[in-house]
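Peer 1:
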Amino acid sequence: MMAILVLLFAGPGLADDSIPASRAREFTEQLVTLEGTVSATRKDGRNTFLALGPSATPELSVAITPPLLLSEFPPHPEKFYQGKTLRVTGRVYLIHNQPQMLISAADRIEVVSDNEPAGIREALRPQPSNASSSPPLSTTPPPLPRELVTGSETKLLDLRPSRPLAAATPTARSGDACGESQELWKQVSQDLVPHLRAYTSCLEKASLGCDPEGEKVALGMLAVQQAQKRVRMSCR
């Protein structure tokens, strides 16, 4: 009887098998459910990137690549997931020494908490009435500030060199940015090569276990594409 009562009154936390996103690196190459709060998001074409943990040094970067047809993701994932606490289920990979996860199915992401920003709560809180006549308080929430929609500056597959804008003259800064972008492009391209070889070898063997290498290639290709864009922007 005591065992039954324990099961009946045990909170959902006992069944919670999620792991903090801060431990993502410990589970490299493993399929796991990680939990963390989205501090920054970025949209690039059809793909969306989420940073879990501190935006400057994400504990986990999640790349959402929705299917071409019948996608069940919300229309604007970069806005929908911003600021929310999520449980994300997938395989963790170290891409450019950063824990990353590739998600292509909406059911791999569970919203645990909305984490409504304090500033928005204050704006929506009813104000005390004044004796003077004033227009009624609008029930429409104010537009979200840009930083609440897109998050702060992040290194989530964002391959821009992090340096103060006033660190050098415009000409020198432009040259430095171009050189750094080219160097990073070469590095992420070289990092991709062994994954391409491993994936090709797996496919040639007609193996059914090629998904992990395929996901590494997909994440690596996203990093290379971002690096190429950064080179084009920095080396004009």
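Using this note's numbering, you'd call the opening residue of the sequence shown number -14 and step up by one each time. Using N, Cα and C, we set each Cβ at its ideal position, and we do this for glycine too. These numbers were taken from a predicted model, which means no experiment stands behind them.
1) Just the C-alpha distance for T70 and V97, rounded to the nearest angstrom, thanks.
2) Using only alpha-carbon positions, find the residue among V178, V216, G164, Q210 that is nearest to E198.
3) Are the CB atoms of S166 and V216 nearer to each other than 7 Å?
4) Excluding the 5 residues flanking H180 on each side, which residues of the same chain have their C-beta closer than 7 Å to its C-beta?
5) Specify, as a first and last residue, the run of the alpha helix (DSSP H) that G205 falls within.
6) DSSP three-state label for P5, please.
7) Can you tell me whether DSSP reads R27 as helix, strand or coil?
8) From the DSSP secondary-structure annotation, give me the bridge partner or partners of E95.
9) Whose C-beta lies closer than 6 Å to the C-beta of P233 among residues of the same chain, with five residues either side of it excluded?
10) How many Å lie between S117 and F58 at the Cα?
11) Can you name, in chain order, every residue of its own chain whose Cβ lies under 7 Å from the Cβ of R93, other than the five neighbours on each side?
12) Please classify S186: is it buried, with 16 or more other beta-carbons within 10 angstroms of its beta-carbon, or exposed?
Peer 2: If we stick to the structure as given:
1) 5 Å
2) V178
3) yes
4) E198, K201, V202, G205
5) 196 to 219
6) strand
7) strand
8) R72
9) Shown here, the chain extends from -14 to 221; a query on residue 233 therefore has no answer.
10) Because S117 sits at a pLDDT of 45, beneath the cut-off of 50, its placement in the model cannot be relied upon, and the point is left open.
11) V73, T74, G75
12) exposed
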